[in-house]
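Remarks on the structure that follows.
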């Protein structure tokens, strides 16, 4: 027995679906969202109050002409032609212009300064370099001094010194220490200056190369730009450019030191003054650089300050050798570009686009697109402590998830600034799934529990987002993403493994879910692959509680998804084909999981799956039938889509049909009957197979609906199923392999349906209230059309169902052809030989061997309902010309006047006499007006035979005696003696005349003066060989 809490949950189930569907934006042409818009005006949320004047609750900041990511399909946010790459390049262009142009101007200034400084320094070097070599003037002075001394000795007559005999040579030259220091320092300063100029020229080339590009796809341009930027940073190119002013600073310092030394050799006083000035300047330089490094907002910031702050070790990072080739699937390079964009963009809209594009790292297994899937590489882990992170030092997968999760909360609260025309719920959910998948359980700070993530996603359905704010495609994307998480939860708790033994013990395998084919080249190793943790996320919740909670959520999810598919089929909303296919796959897979969960719960004696209130329990089934009834709808007419619907139907229908069964099979038996309809246990591959399986599903559904205690609740679904199988029979008229042949597997189910309606008058009255339902049931009996080489399906039903079928026919509205086919079936069944079950294909529901034809005839000659049903049918427009010959043929068969069957004994039991007399009165005038006079005369003879036989009963004799058509039969027999001779002997004819000449009880013989008595006397005379003249006189 359900508790009060459980009952309240069931009562809230339909509200949950309605609550979810309120977000769906419907097409105005279909009149959708009229009521929702009125309510939305009354329930204005915080976002709508802020932006009520714009009409769009997602217009923040500067206005945008369009949603730049609206053209991206879910799962292709990182495709080569995705909008995020154009957004990236636009944002990068501004950043690169600031990066390159500023440095280009700085390098231009540096080159100019280096040129001027080098020119000045060169002038000093011209003077100072002479200090390193002997001066020719000094040598000339020495030689002149020697000549003067020699001349003086000659004039004075002094003897030559001993040294005069030696050869005169130039004196040795040794540069002074100060000269060496001066020139060494100044030449070093010139070298640094010229090196700075050279490196500046190279830096300009580097920056020019960084901005150069050729026509490529936006994604590859983004790859190249990101790789070049990474190269500039990793290889220290930007640091080299930034250090060029420092080289000039050192060069200028060396020049100043050399100048002091140079002046110190000339004049100490002047050198001292210059040394003081240079010392003060140098002190100012180092103090300001240090202050800029220590204090964050100090204005004295130079490149030296930045390097002191970041530490020298950052200058020698190991360079990365990234290849700029564009990867096929989303990769780590995409994530690097998105992180850069989110951290460096000043436009909040662009930042939001960057976070949304992370969704491209996850593509649902239910979605199939032309672009490759993200490549998963389990060999490397970018977030573990012992590996080099591909991101900045302060960014991890965990921090990214926290950012995305927080923005998702803001989105649900209506406070997130986005550039989308509708809430980007789907992309944020996929982004969280991608990041949680990447993180695994290695980062404890983030929420890695899949059930918790499922709960976070489920909060969307109860959020305050505006009504009718999501398109059908976005709505479908959210449902698909939620199913991804449900599947991950189920796989992580290993539910399938826990039920493997049950599947091996005779249970039908529920593996009817998604089995996506792998295209060649879709799985490959790539150096830019996203690295995913291979460990399974730990789940603390007990398996049983998780299973029950997951089952309830899955049932609710299926119900919401089916409502969305119904809205799309009704053209109330649009869903892109790839999302429609994905949602159908997800529904099929979800139904398989639901069936599995239901089996586990039942095996543990827990309550089974519920779909809400009684009326809501059958709503999912009704929607599935509706989806299958749309073969001409171009949006859902592909074989693959119908296959997924059939898979879902085979899993959901047994659960729903078992909820209110009053008797009969349990859910496992029902599931087995549905699964047995598959062609060789495989999914259908042709349209004909789909029609056949759908037809069989509909017959099974009708049969189990008849077991509901309150048929009125499921009457509409019964009618929908009946209409659908009829629709498929009209589409494919092949009687051997088409839907008509498929029904022949379910003769037993058809018999059960007829038995249900034959149980009581109320049951059949409920059938009459369903438009075209009586006609469809009769058509099943008359099938297969156009192939009379096979017995009709109705040939195998028991006699009681044969009578029920005639009662149903009496309330039909066939056209002339349909009524004729049914009457032909009735006559053929009465004439036909005994049927055998071996003539039928294997039956899903076994039934007893068909009875002999005589027992079917007895339903007319023994009961009061047979002929009365035919007479009632004859009152329907267009039926009289068809029913009258049918009654005549039935009468001929009953009287044993049909050569195809022998009826012994000929009977017309008292309960059937009133109905036969009614049929006689109705048929005679209508049959006489037809052209088939031969059938008319045979009917007169056969009716006479039955009346004569019925007169053996006194009560029946009294009825026949007083019936006016008795005299009509006498007259017709008398007037058409020669015609009757073609069918009966004269003795038989006389016997009939005598049998119909009856005296009314209580009437005296003297009172035979009436015309009727005279006619009877005349008839006797004719029977005794009286002449024709006496008969004519009597007739007059």
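Numbering (the UniProt record's numbering), first residue to last: 1 to 1036. Glycine included, every Cβ here is placed at the ideal spot set by N, Cα and C.
Taking just the CA atoms, how far does residue j sit from residue i?
i	j	result
residue 346	residue 76	25 Å
residue 237	residue 244	11 Å
residue 461	residue 653	26 Å
residue 259	residue 186	8 Å
residue 548	residue 600	10 Å
residue 643	residue 706	26 Å
residue 115	residue 202	16 Å
residue 990	residue 740	50 Å
residue 799	residue 856	5 Å
residue 772	residue 475	36 Å
residue 572	residue 564	9 Å
residue 780	residue 723	11 Å
residue 112	residue 276	28 Å
residue 97	residue 224	16 Å
residue 802	residue 848	15 Å
residue 863	residue 869	11 Å
residue 673	residue 697	9 Å
Of the choices the options, whose alpha-carbon is the least far from that of residue i?
i	options	result
residue 945	893, 925, 933	893
residue 598	678, 583, 671, 620	671
residue 964	926, 942, 929, 917	917
residue 200	241, 747, 876, 618	241
residue 602	591, 658, 85, 272	658
residue 560	577, 640, 546, 477	477
residue 958	558, 910, 863, 934	910
residue 926	235, 887, 902, 907	887
residue 931	912, 885, 903	885
residue 126	688, 183, 416, 430	183
residue 676	767, 755, 88, 845	845
residue 731	629, 749, 973	629
residue 719	408, 579, 774	774
residue 595	620, 667, 566	667
residue 553	455, 578, 620	455
So, residue i versus residue j, is the Cβ gap smaller than 7 Å?
i	j	result
residue 882	residue 835	no
residue 189	residue 118	no
residue 993	residue 969	no
residue 582	residue 428	no
residue 211	residue 100	yes
residue 742	residue 695	yes
residue 744	residue 850	no
residue 463	residue 422	no
residue 266	residue 274	no
residue 908	residue 949	yes
residue 593	residue 481	no
residue 627	residue 715	no
residue 648	residue 567	no
residue 426	residue 757	no
For residue i, which residues of its own chain have a beta-carbon under 8 Å away from its beta-carbon, when the five flanking residues on both sides are left out?
i	result
residue 459	412
residue 71	83
residue 639	684, 685, 686, 687, 690
residue 222	85, 88, 89, 92, 337
residue 702	718, 721, 722, 749, 753
Report all residues from its chain with a CB closer than 7 Å to the CB of residue i; omit the five preceding and five following residues, and keep chain order.
i	result
residue 778	805, 808, 809, 812, 822
residue 920	943, 965
residue 104	204, 207
residue 124	186
residue 766	711, 712, 715
Excluding five sequence neighbours on each side, which residues of the same chain lie with their C-beta closer than 6 Å to the C-beta of residue i?
i	result
residue 270	263
So with Cβ pairs under 7 Å, would you call residue i a contact of chain C?
i	result
residue 727	Protein chain content of the structure displayed is limited to a single chain, and chain C is not contained in it.
Problem set entry | Whole runs of the beta strand (DSSP E) within the stretch 401-476, excluding any shorter than 3 residues | none
For this session: Starting from the N-terminal side, write out each stretch of the alpha helix (DSSP H) that is 4 residues or longer and does not extend beyond the stretch 738-762.
Result: 739-743, 747-759
For this session: Any chance you could list the beta strand (DSSP E) runs of at least 3 consecutive residues sitting entirely within the stretch 89-115, in chain order?
Result: none
For this session: Pick out the complete alpha helix (DSSP H) segments inside the stretch 898-929, 4 residues or longer, and give them in chain order.
Result: 913-928
For this session: Return the chain-ordered ranges of every alpha helix (DSSP H) run that is complete within the stretch 666-710 and spans a minimum of 4 residues.
Result: 667-675, 687-705
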